[in-house]
Amino acid sequence: MKTLKSLKVNADILRGISRKTVEIHHGKLYAGYVNKSNEISEKLGALRKSGKVEGNQIYSELRGLKLGETFAVNGVYLHENYFAILGGDGVPRGEVVRAIEEKWRSMDEFKSYFSACGMAARGWAILAWDMYEKRLMQYNCDAQNHGGIWGAIPIIAMDVYEHSYFIDTGSDRAAYIKAFFDNLNWDKIEELYQKAKKYELD
Ligand SMILES: [Fe+2]
Numbered sequence: 001m002k003t004l005k006s007l008k009v010n011a012d013i014l015r016g017i018s019r020k021t022v023e024i025h026h027g028k029l030y031a032g033y034v035n036k037s038n039e040i041s042e043k044l045g046a047l048r049k050s051g052k053v054e055g056n057q058i059y060s061e062l063r064g065l066k067l068g069e070t071f072a073v074n075g076v077y078l079h080e081n082y083f084a085i086l087g088g089d090g091v092p093r094g095e096v097v098r099a100i101e102e103k104w105r106s107m108d109e110f111k112s113y114f115s116a117c118g119m120a121a122r123g124w125a126i127l128a129w130d131m132y133e134k135r136l137m138q139y140n141c142d143a144q145n146h147g148g149i150w151g152a153i154p155i156i157a158m159d160v161y162e163h164s165y166f167i168d169t170g171s172d173r174a175a176y177i178k179a180f181f182d183n184l185n186w187d188k189i190e191e192l193y194q195k196a197k198k199y200e201l202d
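Per my numbering: the sequence shown = residues 1 to 202.
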């Protein structure tokens, strides 16, 4: 069962991302992913119990539920990261900054690269701890269930779907990406980095 996490960030203090956008994004869209994750989980359970599980790849109830499951659950996890890392002063700090500088030479280069990745994605641009690489990596995905890397833990998940910014900046996604960086909570990002980097796989 997924439980809706309340919004920790005070939407009134965000700069360049309006309360209206955050309320719709959290209260309707993120909540929708939580509700649908639970609905799908219940339906999968009922299907298993019915003894009528049919594994047809052209169409089957199981296939439909399984497709929806990854979209909904990734939608929950990525949005929870997104809302958790907003609400800060946007000033980079912590060991995570040194790890970023090690890979991308400077924070400015990272911001520039990550912003370009955000312009190139149709869904999400993500800074993740890759458990196999044992370092930070940047990955994009066009939809929650299309492009994710197994073995990577999101640290900074930037939602670039239009619903994240269209009310505030219209079609100007670059302005939204700048606002996203201006509102980052680097203490939370550091906390996530410290937790994630404990995990290594061979
Ligand atoms: Fe979103």
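Note that CB positions come from ideal geometry on N, CA and C, so glycine has one too. Please read all numbers here as calculations on a predicted model, not as lab measurements.
Whether residue i touches residue j by CB criterion (9 Å)
i, j, result
"G90", "K8", "no"
"A128", "A72", "no"
"Y176", "V96", "no"
"A152", "N140", "no"
"A125", "Q138", "yes"
"V53", "M119", "no"
"L14", "A179", "yes"
"A157", "N38", "no"
"L62", "G55", "yes"
Range covered by the beta strand (DSSP E) that runs through residue i
i, result
"A152", "152–159"
"Q138", "135–141"
"I126", "124–130"
Cβ separation of residue i and residue j, assumed to be a contact under 8 Å, to the nearest whole Å
i, j, result
"M131", "L201", "4 Å"
"L136", "A99", "5 Å"
"G64", "K36", "Rounded, the Cβ-Cβ distance is 12 Å, inconsistent with contact."
Cα-Cα separation between residue i and residue j, rounded to whole angstroms
i, j, result
"D12", "I155", "24 Å"
"M107", "T169", "25 Å"
"K28", "E101", "37 Å"
"S112", "A84", "22 Å"
"R93", "C117", "22 Å"
"E190", "G16", "23 Å"
"T21", "D182", "16 Å"
"H25", "W104", "31 Å"
"A31", "L4", "6 Å"
"Q57", "K49", "21 Å"
"M1", "F166", "31 Å"
"Y199", "W150", "13 Å"
"G148", "K66", "16 Å"
The alpha helix (DSSP H) enclosing residue i, as first and last residue numbers
i, result
"D217", "One cannot answer for residue 217 here, as it falls past the ends of the chain, which runs 1 to 202."
"E162", "That residue, E162, is in no alpha helix (DSSP H); it is neither H nor E in DSSP."
"Q242", "Outside the shown range of the chain, which is 1 to 202, sits residue 242, and nothing can be said about it."
"E200", "Element bounds for E200: n/a, residue is neither H nor E."
"S60", "Unbroken run through S60: none, as it is neither H nor E."
"S176", "The question names Ser, but residue 176 is Tyr in the sequence shown. Start and end: 173–182."
(message) Which residues end up in the neighbourhood of ligand 1 when you take C-beta atoms closer than 6 Å to any of its heavy atoms?
(response) With the cut-off at 6 Å, the residues found are H25, L29, H79, D159, Y161, H163, S164.
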